[in-house]
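For reference, the structure discussed in these notes is given below.
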Amino acid sequence: MNAKKILIIGSMGQIGSDLVKELRKRYGTQNVIASDYRTPAREALEQWMPFESLDITKKDTIVGVIKRHGINTIYHMAAILSAVGEQNPHLAWEVNMEGLYNVLEVAREYKIERMFFPSSIAAFGPQTPKDNTPQDTILQPTTMYGVTKVTGELLCNYYVERFGMDIRGVRFPGIISSETPPGGGTTDFAVAIFYEAIRHKSYECFVREDTTLPMMYMPDAIKGIVDLMEADLSRLKHHSNFNLASMSFSAKELAAEIKKHIPEFVCTYKPDFRQRIADSWPRSIDDTVARQEWGWKPSYDIASMTKDMLEKLRYRHIHGKL
Ligand code: SER
2 MNAKKILIIG
12 SMGQIGSDLV
22 KELRKRYGTQ
32 NVIASDYRTP
42 AREALEQWMP
52 FESLDITKKD
62 TIVGVIKRHG
72 INTIYHMAAI
82 LSAVGEQNPH
92 LAWEVNMEGL
102 YNVLEVAREY
112 KIERMFFPSS
122 IAAFGPQTPK
132 DNTPQDTILQ
142 PTTMYGVTKV
152 TGELLCNYYV
162 ERFGMDIRGV
172 RFPGIISSET
182 PPGGGTTDFA
192 VAIFYEAIRH
202 KSYECFVRED
212 TTLPMMYMPD
222 AIKGIVDLME
232 ADLSRLKHHS
242 NFNLASMSFS
252 AKELAAEIKK
262 HIPEFVCTYK
272 PDFRQRIADS
282 WPRSIDDTVA
292 RQEWGWKPSY
302 DIASMTKDML
312 EKLRYRHIHG
322 KL
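The sequence shown begins at 2 in our numbering and counts up one residue at a time.
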């Protein structure tokens with residue numbers, strides 16, 4: 002493989018923003034081009050440079066960026082998440098499917114050497130086994146987001162088989178992060194609960210207390226992306242759809258863990274339309290295949306993640322940055 006020249010699409014999103022920092026540390030700032038459909042605020046632009054505005058629904062804008070920077074590696078992180086996707090299914094299809102198709106086509110035409118595409122536990126549906134969900138199982142999601150993720154997995158695998166491309170991806174659980182909040186997902190409650198615990202010592206949760214979902218702390222999510230993208234291709238039997246697990250807990254268990262650090266914290270529950278989405282997803286995931294094929298191993302559990310999240314958010318709160 003040539004020296005890496007990386008494009009991150011969706012750099013200002015929850016995962017993208019942490020991924021930009023990590024990849025720039027590893028491969029050098031000038032070799033990692035950040036891009037998003039949004040433009041950073043003028044005072045923040047410096048920290049994002051090199052940065053390109055990019056609309057994945059317009060193929061020409063992707064081509065322009067690829068040519069200008071001699072890109073050979075793409076991390077395609079832009080997507081509409083599950084809750085927003087249910088409110089605007091057409092937008093979810095346009096961004097998640099037409100956007101992915103454009104990126105794949107440009108990647109094929111311009112001979113991109115390696116590409117990352119994140120799938121999700123949303124690829125599963127109510128008929129999928131809910132506990133220790135196997136790698137190869139029933140994929141019949143009931144959300145538009147899930148439909149686009151399953152189709153995305155299949156499309157990426159098609160490009161691997163048909164055009165000999167190197168495209169890799171994982172099914173992420175809900176991701177908890179202290180830097181950039183998620184936008185419009187069903188697992189967002191597991192992030193919002195921390196912000197509200199620090200700010201107000203209370204949180205009204207939009208799913209029932211017994212709602213149990215697979216989750217992961219951002220440092221593990223980034224490690225998963227980096228490790229998979231560095232893995233030896235000859236070891237991979239799967240490509241764009243690796244199950245990935247780290248921890249599973251109910252909303253009530255998370256609230257109890259936070260209470261160990263903030264005893265006054267009170268969590269109440271008022272389920273909304275997102276409950277139905279959460280109920281259609283697995284409780285826990287079997288990630289044996291990722292462990293075998295590329296050595297996946299997460300570091301955080303609910304206790305160490307909660308401690309770290311609260312420390313980071315408390316620090317920002319004290320300094321008036323939360
Ligand atoms: N976190 C995502 C969501 O809730 C799942 O991939 O939409």
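For every residue, glycine included, the Cβ atom is placed at its ideal position computed from N, Cα and C.
What does a CB cutoff of less than 8 angstroms around residue i pick up in its chain, not counting 5 residues either side in sequence?
i: aspartate 228; result: Trp295, Gly296 and Trp297
i: proline 135; result: Asn244 and Asp287
i: lysine 60; result: Asn103, Glu106 and Val107
Measure from the alpha carbon of residue i to the alpha carbon of each residue in the options, then state which is nearest.
i: arginine 163; options: Phe118, Met216, Leu105 and Lys260; result: Leu105
i: serine 203; options: Glu23, Gly225 and Phe266; result: Phe266
i: leucine 244; options: Ser285, Ser300 and Asp273; result: Per the sequence shown, the amino acid found at residue 244 is asparagine instead of leucine. Considering only alpha carbons, the answer is Ser285.
i: isoleucine 34; options: Lys59, Lys60, Thr58 and Lys68; result: Lys68
i: aspartate 280; options: Thr129, Gly165, Asp56 and Asp167; result: Thr129
i: phenylalanine 173; options: Glu95, Ala198, Val151 and Leu156; result: Val151
i: isoleucine 199; options: Tyr316, Gln15 and Asp56; result: Tyr316
i: methionine 13; options: Thr30, Arg25, Arg39 and Gly175; result: Arg39
i: lysine 194; options: Asn103, Leu92 and Ile177; result: Looking at the sequence shown, residue 194 is not lysine but isoleucine. For isoleucine 194, the nearest C-alpha among the options comes from Ile177.
i: leucine 311; options: Arg109, Ser235, His77 and Glu197; result: Glu197
Measure the C-alpha to C-alpha separation of residue i and residue j and round it to an integer number of angstroms.
i: alanine 246; j: glycine 147; result: 18 angstroms
i: threonine 269; j: valine 107; result: 47 angstroms
i: isoleucine 75; j: aspartate 221; result: 20 angstroms
i: glutamate 154; j: isoleucine 9; result: 19 angstroms
i: glycine 100; j: proline 264; result: 45 angstroms
i: valine 21; j: methionine 116; result: 15 angstroms
i: asparagine 32; j: isoleucine 7; result: 6 angstroms
i: lysine 131; j: proline 215; result: 10 angstroms
i: aspartate 137; j: alanine 191; result: 27 angstroms
i: methionine 166; j: glycine 185; result: 31 angstroms
i: leucine 46; j: histidine 70; result: 18 angstroms
i: asparagine 133; j: histidine 320; result: 41 angstroms
State the beta-bridge partners of residue i as determined by DSSP.
i: valine 171; result: Phe243
i: histidine 77; result: Ile10
i: methionine 231; result: According to the sequence provided, residue 231 is glutamate. The question's methionine does not apply to it. DSSP, once it has assigned bridges, lists no residue as partnering glutamate 231.
i: aspartate 37; result: Ser54
i: leucine 214; result: Phe250
i: glutamate 205; result: Thr269
i: serine 178; result: The partner list for serine 178 (beta bridge, DSSP) is empty, contrary to what the question assumes.
i: phenylalanine 117; result: Tyr76 and Arg169
i: isoleucine 67; result: DSSP, once it has assigned bridges, lists no residue as partnering isoleucine 67.
From the beta carbon of residue i, is the nearest beta carbon of chain B less than 8 angstroms away?
i: valine 267; result: Reference to chain B is not applicable here, since this structure consists of a single protein chain.
Once the 5 residues before and after residue i are set aside, which same chain residues still bring their CB inside 6 angstroms of it?
i: lysine 278; result: For the record, residue 278 in the displayed sequence is isoleucine; it is not lysine. Here the set comprises Ser83, Thr144 and Thr187.
i: valine 334; result: With the chain covering 2 to 323 only, the question about residue 334 has no answer from this structure.
i: proline 41; result: Trp49
Ignore the nearest five residues each way along the sequence and tell me which others in residue i's own chain have a CB closer than 7 angstroms to its CB.
i: aspartate 273; result: Phe207
i: isoleucine 168; result: Met116, Phe118, Cys157, Tyr160, Val161, His240 and Ser241
i: alanine 124; result: Leu140, Pro142, Gly147, Lys150, Val151, Glu154 and Arg172
i: threonine 213; result: Ser249, Phe250, Ser251 and Arg284
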